[in-house]
Amino acid sequence: MALKLFYRKIPQSPGVYFFKDNRGKTLYIGKAANLHARLRSRILPKKTKSISWEVLNSEVEALIREAELIKKYRPKYNILMRDDKQYFYVGFTREKYPKIFITHQRKEKADYIGSFIEGGALRSVLKTLRQAFPYCTCRKSHKRLCLNARIGRCLGFCCLQDENQQIFSRLTLPRSSGGSDASQKSANFRFYKKNIRAVKQILSGKNRSLTKAFKKEMCRLSDAKKYEDAGKIRDQIYALEKIFEHRGVIKHDLPAEFSKALRVLESILGVSGINRIEAYDIANIQGKFAYGSMVVFANGKIDKDSYRIFKIKTVKKSDDPAMIKEVLLRRLKHREWPYPQVILIDGGRAQLNAAGLEIRNLKLDIKIIALTKNKKHIGDHVFIQNHREPISLNQLPEPLKNFILHLNNEAHKFAINHYRRLHRKSLLTTKFTPH
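Residue numbers (UniProt numbering): 1 to 435.
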């Protein structure tokens with residue numbers, strides 16, 4: 001097969017790739033955010049006679065799979081992996097509240113997962129996981145709540161001196177059923193250990209079984225009308241899905257790509273001069289405690305001062321299209337806020353149609369895009385107003401794809417953060433109020 005035709009077969013997806021000799025022995029294993037781009041630019045090791053690949057859902061899966069395969073096959077040309085001082089392990093200390101760290105060398109008094117090649121990618125993944133599964137990194141106990149606890153990356157009680165633990169744990173976790181300080185302390189301990197186990201499972205490639213267990217637990221809590229606890233599980237499920245279905249976890253230089261993304265978007269939508277885009281998301285538990293978020297990209301940058309939260313008032317059951325409709329109707333009544341040229345909503349055709357109806361009723365010239373996960377196809381899709389068929393996100397140029405994912409993730413994060421602030425006691429106050 002001609003090399004040009006061969007390269008056309010390579011998918012533009014995350015995954016791992018293999019270089020093999022004439023006997024089928026693996027010479028080199030690598031990972032890529034985009035297999036097509038990586039293999040077109042890759043210099044082949046000597047004796048390479050064949051190239052193959054394995055498509056995965058995300059860079060995170062590729063990172064974990066690469067480590068697993070290199071450890072198993074020990075390929076000749078993975079030179080970094082032949083020197084124990086050059087690759088990375090994730091360590092878990094064996095203390096009461098285990099710490100998580102990255103190291104080159106395994107030592108006693110800790111458990112390890114690895115090995116991994118890219119330290120920077122690994123740190124980025126752990127940083128993202130820590131947002132969904134907070135754990136402690138403080139070296140010593142202290143009297144006051146640490147900064148990480150204030151921003152949601154530490155549970156607070158785990159690094160406080162004993163006499164202060166119960167005071168602050170009441171502000172970060174719901175009270176246990178027993179109500180006593182002893183039972184609360186036990187509940188805190190179990191909650192922390194659960195987060196550590198989750199991180200271990202994810203880094204060991206067991207994210208699917210973890211997600212399945214979480215969904216079962218969320219349904220149990222929801223049936224018991226423990227909506228706040230179910231909400232926390234739902235947030236963790238959503239975080240896992242985002243980590244393992246998108247490329248946005250291992251950070252790209254998105255701001256530098258904004259202008260490229262806008263040029264492509266203008267071409268697809270047939271408009272020019274886009275200078276404001278608004279992205280919307282809904283956060284709720286089976287219709288309970290529902291909020292809609294609005295995030296704004298304006299004048300070439302993310303405009304956090306223009307972010308807004310809407311408390312859903314008219315929809316009493318789980319109906320995302322109806323909630324989107326309510327949020328847009330109320331937002332568009334604010335004529336003092338500049339209208340966008342483009343609106344991005346989280347959802348599918350139903351959400352797109354609901355949003356489009358409000359835009360038409362007000363006779364506004366605003367283009368609408370809906371981002372949805374469609375597991376019958378490969379990857380996510382976008383529905384565009386007045387386009388009959390959805391477009392695979394993987395078919396979009398990389399700058400626009402990353403830009404859409406970035407805005408969608410920003411809208412979800414803003415909605416979830418506000419939801420958390422309102423439904424648990426917190427040391428922080430928010431300057432954002434429902435409109």
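Think of the CB as a built atom: it goes at the ideal place given N, C-alpha and C, for glycine as much as any other residue.
- Restricting attention to Asn284, Lys216, Lys317, the CA atom closest to the CA of Ile416 is found in Asn284.
- With fewer than three CB-CB distances shorter than 8 Å, the segment 361-376 does not count as touching the segment 306-319.
- As the crow flies, the alpha-carbon of Gln341 is around 23 Å from that of Asp380.
- Three or more Cβ pairs drawn from the segment 323-342 and the segment 271-278 lie within less than 8 Å of each other, which places the two stretches in contact.
- Annotation for Thr372: the continuous beta strand (DSSP E) segment containing it runs 367-373.
- In the three-state reduction of the DSSP assignment, Lys20 falls in the strand class.
- 8 Å or more divides the Cβ of Val264 from the Cβ of Lys367.
- Beta-bridge annotation (DSSP): Gly91 is paired with Phe101, Tyr112.
- Phe383 is bridged by DSSP to Ala370.
- Rounded to whole angstroms, the gap between the alpha carbons of Ser209 and Lys215 is 10 Å.
- Assignment of Thr26 by DSSP, reduced to helix, strand and coil, places it in the strand class.
- Relative to Arg330, the option among Tyr89, Met294, Arg153, Pro399 whose CA is nearest is Met294.
- In the three-state reduction of the DSSP assignment, Ala213 falls in the helix class, which pools H, G and I.
- Out of Ile202, Met218, Lys242, the CA that lies nearest to the CA of Glu68 is found in Ile202.
- In the DSSP secondary-structure assignment, Phe289 is not bridged to any residue.
- Exclusion of the five residues before and after Ala322 leaves Val315 as the residues of its chain whose Cβ lies within less than 6 Å of its Cβ.
- The C-alpha of Ser13 lies about 26 Å from the C-alpha of Lys46.
- In the three-state DSSP reduction, Asp320 falls in the helix class (H, G or I).
- Here Asn361 is exposed: its Cβ has fewer than 16 other Cβ atoms, across all protein chains shown, within 10 Å.
- A straight line joining the alpha-carbon of Lys96 with that of Leu344 spans about 45 Å.
- Gly300 has no beta-bridge partner at all, per DSSP.
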